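Q: Here numbering that gives the first Met the number 0 is used: position 38 in the sequence shown is 37, and no number is missing along the way. A single structure is presented below for examination.
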Amino acid sequence: MACMTLMARNTDMRWRLPLVCLLWEVAMIVLFGVFVRFNPEADAAGWGIMKRQKNITSDSENDFYFRYPSFQDVHVMIFVGFGFLMTFLQRYGYGAVGFNFLLAAFGIQWALLMQGWFHTFENGKILIGVESLIGADFCVGSVCIAFGALLGKVSPVQLLIMTLFQVTLFSVNEYILLDLLHVKDAGGSMTIHTFGAYFGLTVTAILYRPNLDQNKEKQDSVYHSDLFAMIGTLFLWMYWPSFNSAISNHGDAQHRAAINTYCSLASCVLTTVAFSSMLQRKGKLNMVHIQNATLAGGVAVGTAAEMMLTPYGSLIVGFICGIVSTVGFVYFSPFLESRLNIQDTCGIHNLHAMPGLIGGIVGAITAAAATEEVYGKDGLIRAFDFTGDHSQRTTSVQGGFQAAGIAVSLGMALAGGAIVGGILKLPFFGDPMDENCFEDNVYWEVPGDEESGLYCMHDPNIKAVESP
C-alpha cells in the first residue's frame with residue numbers, strides 16, 4: 000500500500016510541477032512580449048534622446064552604474080542568503096536551496112509585470128530598468144520570508160501558487176503604502192518584512208498539521224546543516240546595507256541608509272550573543288539564535304534607514320532587536336505553536352515579523368520628530384519627498400501616515416494569508432503527508448536513498464521492493 004501511494008504521488012509530482020512551470024513560462028513570454036519594453040536608460044534610441052534633452056555628456060551617468068552594484072548585492076541575498084539560511088533542516092537542504100531558487104525565479108517575472116503596471120506603465124507599455132530589477136527582488140524577498148514559515152511542509156506546486164498570489168498582494172500593498180499613503184520604507188520593514196512574515200504565518204496557521212510532532216526529529220539540525228545555514232546568515236549580514244539603501248536617492252540618503260544599517264547590524268550581534276548565552280543552560284550559545292537574531296537589526300532599521308536616525312540611534316535599534324528576537328526564539332515560538340497552532344519552521348516571527356513592526360514604529364517616530372534644523376530646508380523636502388501633492392505635508396502628519404502604513408501591511412498580510420491558505424488546502428495541489436514533511440527524497444533524487452526507484456514513504460531509510 001505504501002508503494003502504491005508513492006507511485007500515485009510520484010505521478011502527481013511528475014505532471015503537476017512541469018505543467019505549472021511550462022504554462023507559467025509561456026504566459027510570461029506572451030505578457031512580456033505584449034507589455035514590457037526597456038526604459039529610456041536601457042533603450043538604444045531612448046538613451047540618446049535622454050542625453051540630448053538633459054545635456055548628459057557621459058554614459059557613466061546612466062542609472063545602471065549607480066544601481067547595479069546594489070542590485071547585485073540584493074540578488075545574492077535573495078538567492079544565496081535566504082536559500083542557505085534555510086538549510087538547517089538535516090534532511091531538507093535540497094528543498095531549502097532548490098525551492099527558494101525556483102520560487103524566486105518564478106516570482107521575479109510576475110513582479111516585474113505587477114510592479115510595472117503600478118509604477119512604470121506608460122502608453123500601454125511597462126518600462127523596466129535596473130531599479131525595476133531591484134523592486135522585483137524586493138518583492139520575491141517577501142515570498143522567501145513567507146516560505147520560511149512553510150519550509151518542509153508544502154509541495155513545490157503549492158509554493159508556486161502561493162508565490163503567484165503573494166506577489167500580486169505585495170504589489171497592491173506596496174502601491175497603497177508608497178503611492179497612496181506616500182510613506183517612506185526604503186528597506187521594506189513594512190512592505191517586505193512585516194507583510195511577508197505575517198502573510199506566511201497566517202498561511203501556515205491555516206495549513207496547520209496537528210500530527211507534525213510525530214516526526215519531530217526531522218525538524219532538528221545536525222552539525223553540518225547548521226554550518227551551511229550560517230553561510231546564508233553571513234551573506235545576508237554583509238549585504239544588508241546594500242538592501243536597505245538600494246532604492247534610496249543618490250547621494251546623502253543612500254549613504255546614510257548604508258551607515259545606519261551597518262551600525263544596527265553590528266549592535267544586534269552583541270545583544271544576540273549576550274542573551275543567547277543568558278537564556279541557555281550553562282551559558283552556551285544556541286546556533287539558531289546566531290543564525291537568525293543577529294539579522295534582526297537590519298530588518299528593524301529598514302524604514303528609517305535613509306532618515307536622520309543617527310549612528311547611535313541605529314545602535315539602539317539593533318540593541319533592542321537582538322534582545323527581542325532572541326527572546327522570541329526561546330519563548331514566543333513555543334507559545335505560537337502550542338497555543339495558536341502556528342508552526343513556524345524558520346522562526347520568521349522572531350526575525351522578520353516583530354523586528355518589522357519595530358522598524359515601522361521607529362520610522363514613524365523618526366519621521367514625526369524630523370525638523371528643518373536637523374535636515375535643512377531642502378534636505379527635509381528631499382528626505383520625505385514633500386513636493387507636488389505632498390508639498391504641504393508636515394513631518395508630524397508624515398509620522399501619522401507612516402504608522403498607518405504598519406496597519407495596512409498587517410491587514411493585507413492577515414487577510415491575504417487567510418485566503419491564500421484556504422486555496423492551498425485544496426487537495427489537487429499535492430501537499431505531502433505528515434510523515435513525509437521535511438524530507439528531500441519526496442521531491443528530489445537524493446544520492447544513496449533511491450537505488451531501486453521506489454522507497455517506502457513512511458520510512459525513507461527502508462527501501463521498498465518493486466512488485467512484479
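Ideal placement from N, C-alpha and C gives every residue a C-beta, glycine not left out. Remember, it's a predicted structure, so these values are computed and weren't measured experimentally.
Of the choices 205, 247, 229, 187, whose alpha-carbon is the least far from that of residue 300?
A: For the purposes of this step, residue 300 is taken as the residue at position 301 of the sequence shown. Out of 205, 247, 229, 187, 187 has the C-alpha closest to the C-alpha of residue 300.
Q: How many angstroms separate the CA atom of residue 144 from the CA atom of residue 45?
A: Translated into the one-based positions of the sequence shown, residue 144 becomes position 145. Translated into the one-based positions of the sequence shown, residue 45 becomes position 46. Taking the straight line joining both Cα atoms gives about 37 Å.
Q: DSSP on residue 283, reduced to helix/strand/coil?
A: Along the sequence shown, one-based indexing puts residue 283 at 284. Here residue 283 sits in coil by DSSP.
Q: In terms of alpha-carbon separation, which member of 129, 61, 82, 110 lies closest to residue 70?
A: Here residue 70 corresponds to residue number 71 of the sequence shown, with the count starting at 1. The residue with the shortest Cα to Cα distance from residue 70 is 129.
Q: Classify residue 427: buried if its beta carbon has 16 or more other beta carbons within 10 angstroms, exposed otherwise.
A: For the purposes of this step, residue 427 is taken as residue 428 along the sequence shown, with counting starting at 1. By the 10 Å Cβ count, residue 427 comes out exposed.
Q: Tell me residue 124's beta-bridge partners as DSSP assigns them.
A: Locating residue 124 in the sequence shown gives position 125, where the first residue counts as 1. According to DSSP, residue 124 bridges with 121.
Q: Using 8 Å as the Cβ pair cut-off and three pairs as the minimum, do the segment 107-121 and the segment 84-97 touch?
A: Segments in contact, no.
Q: Can you give me the C-alpha to C-alpha distance between residue 266 and residue 401, rounded to a whole angstrom?
A: Along the sequence shown, one-based indexing puts residue 266 at 267. Along the sequence shown, one-based indexing puts residue 401 at 402. Using only the alpha carbons, I get a separation of about 25 Å.
Q: Look at the Cβ atom of residue 297, then the Cβ atom of residue 211, and state whether they are nearer than 9 Å.
A: In the sequence shown, the residue the question calls residue 297 occupies position 298. In the sequence shown, the residue the question calls residue 211 occupies position 212. No, these two residues do not count as a Cβ contact at 9 Å.
Q: Which residue spans inside the segment 293-343 form an unbroken alpha helix (DSSP H) run of at least 4?
A: Qualifying alpha helix (DSSP H) stretches, in chain order: 295-299, 310-326, 332-339.
Q: Please give the ranges of any alpha helix (DSSP H) in the segment 362-406, keeping only runs that are unbroken, at least 4 residues long and fully inside the region.
A: Listed in chain order, they are 371-374, 376-383.
Q: Excluding five sequence neighbours on each side, which residues of the same chain lie with their C-beta closer than 7 Å to the C-beta of residue 224?
A: Position 225 of the sequence shown holds residue 224. Excluding sequence neighbours, residue 224 sits near 86, 87, 88, 89, 92.
Q: Verify the CB distance criterion: does residue 124 have a CB-CB separation below 9 Å to chain B?
A: In the structure shown, chain B cannot be found, because there is only a single protein chain.
Q: So, at 6 Å on beta carbons, what are the nonlocal neighbours of residue 397 in its own chain, with the 5 sequence-adjacent residues on each side left out?
A: By 1-based counting over the sequence shown, the position of residue 397 is 398. So the qualifying residues of the chain are 366, 383.
Q: At the level of alpha carbons, what is the spacing between residue 183 and residue 262?
A: Here the question's residue 183 lines up with position 184 in the sequence shown. Here the question's residue 262 lines up with position 263 in the sequence shown. One C-alpha to the other measures close to 20 Å.
Q: Is the number of C-beta pairs between the segment 405-419 and the segment 169-177 that are closer than 8 Å three or more?
A: Touching, yes.
Q: Can you grab the Cα-Cα spacing for the pair residue 264 / residue 26, in whole Å?
A: Taking the first residue of the sequence shown as position 1, residue 264 is located at position 265. Taking the first residue of the sequence shown as position 1, residue 26 is located at position 27. Computed Cα separation, rounded: 41 Å.
Q: Please report the straight-line C-alpha distance between residue 166 and residue 244, rounded to a whole angstrom.
A: Along the sequence shown, one-based indexing puts residue 166 at 167. Along the sequence shown, one-based indexing puts residue 244 at 245. The alpha-carbon atoms of residue 166 and residue 244 are separated by roughly 22 Å.
Q: On the CB-based measure, 16 or more other CB atoms within 10 Å of its CB, does residue 370 come out buried or exposed?
A: Indexing the sequence shown from 1 puts residue 370 at position 371. That one is exposed.
Q: Can you find at least 3 beta carbon pairs, one from the segment 113-126 and one from the segment 36-44, that sit closer than 8 Å?
A: Cβ pair count under 8 Å is three or more, so yes.
Q: For residue 246 versus residue 133, is the C-beta spacing smaller than 9 Å?
A: For this step, residue 246 is matched to residue 247 along the sequence shown. For this step, residue 133 is matched to residue 134 along the sequence shown. The answer is yes: Cβ separation under 9 Å.
Q: Check whether the segment 321-334 touches the segment 271-291, counting contact only when three or more Cβ pairs, one atom from each stretch, lie closer than 8 Å.
A: With a cut-off of 8 Å, the segment 271-291 and the segment 321-334 count as touching, because enough Cβ pairs lie within range.
Q: Report yes if the CB atom of residue 361 is closer than 9 Å to the CB atom of residue 309, and no otherwise.
A: Taking the first residue of the sequence shown as position 1, residue 361 is located at position 362. Taking the first residue of the sequence shown as position 1, residue 309 is located at position 310. No, the Cβ-Cβ distance between residue 361 and residue 309 is not below 9 Å.
Q: What's the C-alpha gap between residue 442 and residue 59?
A: Here residue 442 refers to the residue found at position 443 when the sequence shown is read from its first residue. Here residue 59 refers to the residue found at position 60 when the sequence shown is read from its first residue. Using only the alpha carbons, I get a separation of about 47 Å.
Q: Counting beta carbon pairs with one atom in the segment 205-221 and one in the segment 149-159, are three or more of them shorter than 8 Å?
A: Cβ pair count under 8 Å is three or more, so yes.
Q: Is it buried or exposed, residue 66, if we count other Cβ atoms within 10 angstroms and call 16 or more buried?
A: By one-based count along the sequence shown, residue 66 stands at place 67. Buried: at least 16 other Cβ atoms inside 10 Å.
Q: Answer with buried or exposed for residue 460, where buried requires no fewer than 16 other C-beta atoms within 10 angstroms of its C-beta.
A: Residue 460 sits at position 461 when you count from the first residue of the sequence shown. Residue placement at residue 460 is flagged as unreliable, the pLDDT there being 43, under the threshold of 50; a coordinate-derived value is accordingly withheld.
Q: If you reduce the DSSP assignment to three classes, tell me which class residue 81 lands in.
A: Within the sequence shown, the letter at position 82 stands for residue 81. Residue state, collapsed to three classes: helix.
Q: In chain order, what residues of the same chain lie with their CB nearer than 6 Å to the CB of residue 252, ignoring the 5 residues before and after it?
A: Taking the sequence shown and counting its residues from 1, one reaches residue 252 at position 253. Contacts found: 305.
Q: Identify the continuous alpha helix (DSSP H) that holds residue 51 and give its terminal residues.
A: Within the sequence shown, numbered from 1, the residue matching residue 51 stands at position 52. Per DSSP, residue 51 belongs to the alpha helix (DSSP H) from 43-52.
Q: Skipping 5 residues on each side, what residues in its chain have a beta carbon closer than 8 Å to that of residue 273?
A: On the sequence shown, position 274 is the one that residue 273 refers to. Cβ neighbours of residue 273 beyond the five flanking positions: 321.
Q: Excluding sequence positions up to five away, which residues of its chain have a Cβ less than 6 Å from the Cβ of residue 80?
A: Position 81 of the sequence shown, counted from the start, is the residue given in the question as residue 80. Only 231, 234, 235 meet the Cβ criterion.
Q: Are there 16 or more other CB atoms within 10 angstroms of the CB of residue 54, so buried, or fewer, so exposed?
A: Start at 1 with the first residue of the sequence shown, and residue 54 comes out as number 55. By the 10 Å Cβ count, residue 54 comes out exposed.
Q: Any idea what DSSP makes of residue 458, helix, strand or coil?
A: By one-based count along the sequence shown, residue 458 stands at place 459. Confidence at residue 458 is low in this model, with a pLDDT of 42, below 50, so its placement is unreliable and no value can be given for it.
Q: Compare the beta carbon distance of residue 82 and residue 149 with 9 Å and say whether it is the shorter of the two.
A: Your numbering for residue 82 matches position 83 in the sequence shown. Your numbering for residue 149 matches position 150 in the sequence shown. No, they are not a contact pair.
Q: The alpha helix (DSSP H) spanning residue 73 covers which residue range?
A: By one-based count along the sequence shown, residue 73 stands at place 74. From DSSP, the alpha helix (DSSP H) with residue 73 extends over 62-75.
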